[in-house]
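A.B. asks: Mapping of the sequence shown onto the numbering used here: residues 230 to 379, in sequence order. For reference, the structure I am asking about is given below.
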Amino acid sequence: MNIRYFDHAATTPVRQEVINEMLPYLGIEYGNPSSMYSIGRSAKRAMEKARRRVAYALNAKPNEIYFTSCGSESDNLAIKGIAEANKNKGKHIITTKIEHHAVLNSCKTLEESGFEVTYLNVDSNRVYKYWRTNKCNKTGYNININYVCK
Ligand SMILES: Cc1ncc(COP(=O)(O)O)c(C=O)c1O
Numbered sequence: 230m231n232i233r234y235f236d237h238a239a240t241t242p243v244r245q246e247v248i249n250e251m252l253p254y255l256g257i258e259y260g261n262p263s264s265m266y267s268i269g270r271s272a273k274r275a276m277e278k279a280r281r282r283v284a285y286a287l288n289a290k291p292n293e294i295y296f297t298s299c300g301s302e303s304d305n306l307a308i309k310g311i312a313e314a315n316k317n318k319g320k321h322i323i324t325t326k327i328e329h330h331a332v333l334n335s336c337k338t339l340e341e342s343g344f345e346v347t348y349l350n351v352d353s354n355r356v357y358k359y360w361r362t363n364k365c366n367k368t369g370y371n372i373n374i375n376y377v378c379k
């Protein structure tokens with residue numbers, strides 16, 4: 230069967246180079262990097278090295294790189310983290326009705342703690358009419374999540 234797979238945001242095959250890099254940490258170097266004993270410290274060194282490499286590849290600083298266990302954790306960390314850290318600048322979040330539940334539930338939690346959340350409809354091109362017609366003139370700190378405007 231000829232498969233065309235387009236959902237790499239959900240899961241993706243791991244490249245052989247990555248598998249090769251990871252193999253020692255799945256077997257021999259299995260330490261918990263938060264622990265103090267030697268295999269933990271060794272794993273911590275490897276993790277910090279990986280953090281520096283990712284930062285370099287993204288032209289970022291190592292302390293700007295966070296490793297998470299899954300997409301849902303990333304959504305929660307990014308959305309709630311940015312919203313809470315910047316709530317003195319505004320408490321209005323803009324998202325769409327078609328986001329992943331990890332995004333929608335993060336927004337719902339923020340809504341319950343006093344943020345205003347606008348859930349946009351999308352049209353057949355997935356273009357936010359809200360953006361396209363430039364009606365987004367509320368002041369406040371906005372987060373535009375997922376998918377790209379045309
Ligand atoms: C935006 C978004 N958030 C979260 C997830 C869920 O990821 P996970 O199963 O790794 O928590 C997905 C999966 O497709 C996603 O696209």
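Just so it is clear, CB atoms sit at the ideal spot from N, CA and C, and this is done for glycine as well.
#1: Start and end of the beta strand (DSSP E) containing His-321?
#2: Quick check on the DSSP output: the beta strand (DSSP E) that includes Tyr-348 runs from which residue to which?
#3: Ignoring anything shorter than 4 residues, give me the alpha helix (DSSP H) runs that lie fully in the segment 259-337, in order along the chain.
#4: Please determine whether the Cβ atom of Gly-300 lies at a distance below 7 Å from any heavy atom of ligand 1.
#5: Taking DSSP as the reference, what is the three-state secondary structure of Asn-231?
#6: Output the distance between the C-alpha atoms of Val-247 and Ala-279, rounded to the nearest integer angstrom.
#7: Determine the direct distance from the alpha carbon of Asn-249 to that of Gly-260, and round the result to whole angstroms.
#8: I'd like to know if the segment 266-286 and the segment 294-303 are in contact, where contact means that at least 3 CB-CB pairs between them fall below 8 Å.
#9: When you compare the CB positions of Phe-344 and Lys-326, do they come within less than 8 Å of one another, or not?
#10: Comparing alpha-carbon positions, which option in Pro-253, Cys-336 and Pro-262 lies nearest Lys-309?
#11: Since I believe Ile-311 is in contact with Val-381 (beta carbons under 8 Å), could you give me their beta-carbon distance rounded to a whole number of angstroms?
#12: Quick one, are the C-beta atoms of Pro-262 and Gly-256 less than 8 Å apart?
#13: Between the beta-carbon of Ala-331 and the beta-carbon of Asp-352, is there less than 8 Å?
#14: Compute the Euclidean distance between the alpha carbons of Glu-341 and Glu-258, then round it to the nearest angstrom.
#15: May I ask you to check if the CB of His-329 is nearer than 7 Å to at least one heavy atom of ligand 2?
C.D. replies: According to the structure data:
#1: Position 92 of the sequence shown, counted from the first residue, corresponds to residue 321. First-last of the beta strand (DSSP E) with His-321: 321-325.
#2: Locating residue 348 in the sequence shown gives position 119, where the first residue counts as 1. Its beta strand (DSSP E) spans residues 345-349.
#3: 267-287 and 300-314
#4: Within the sequence shown, numbered from 1, the residue matching residue 300 stands at position 71. Yes.
#5: If you number the sequence shown from 1, residue 231 lands on position 2. The answer is coil: DSSP assigns Asn-231 none of H, G, I, E or B.
#6: For this step, residue 247 is matched to residue 18 along the sequence shown. For this step, residue 279 is matched to residue 50 along the sequence shown. So the alpha carbons of these two residues sit roughly 11 Å apart.
#7: Looking up residue 260 in the sequence shown gives position 31. Looking up residue 249 in the sequence shown gives position 20. In a straight line, the C-alpha of Gly-260 is about 18 Å away from that of Asn-249.
#8: yes
#9: In the sequence shown, residue 344 corresponds to position 115, counting from 1. In the sequence shown, residue 326 corresponds to position 97, counting from 1. Taking 8 Å as the Cβ cut-off, Phe-344 and Lys-326 do not qualify as a contacting pair.
#10: In the sequence shown, the residue the question calls residue 309 occupies position 80. If we check each option's Cα against that of Lys-309, Cys-336 comes out closest.
#11: With the chain covering 230 to 379 only, the question about residue 381 has no answer from this structure.
#12: Within the sequence shown, residue 262 is the residue found at index 33, counting from 1. Within the sequence shown, residue 256 is the residue found at index 27, counting from 1. Their beta carbons are not under 8 Å apart, which means Pro-262 does not touch Gly-256 by this criterion.
#13: As a first step, residue 331 must be located in the sequence shown, where it is residue number 102. As a first step, residue 352 must be located in the sequence shown, where it is residue number 123. No, the Cβ-Cβ distance between Ala-331 and Asp-352 is not below 8 Å.
#14: Numbered from its first residue, the sequence shown carries residue 341 at position 112. Numbered from its first residue, the sequence shown carries residue 258 at position 29. Going by the C-alpha atoms only, they are around 43 Å apart.
#15: Because ligand 2 does not appear in the structure shown, any question about it cannot be addressed here, the ligands present being ligand 1.
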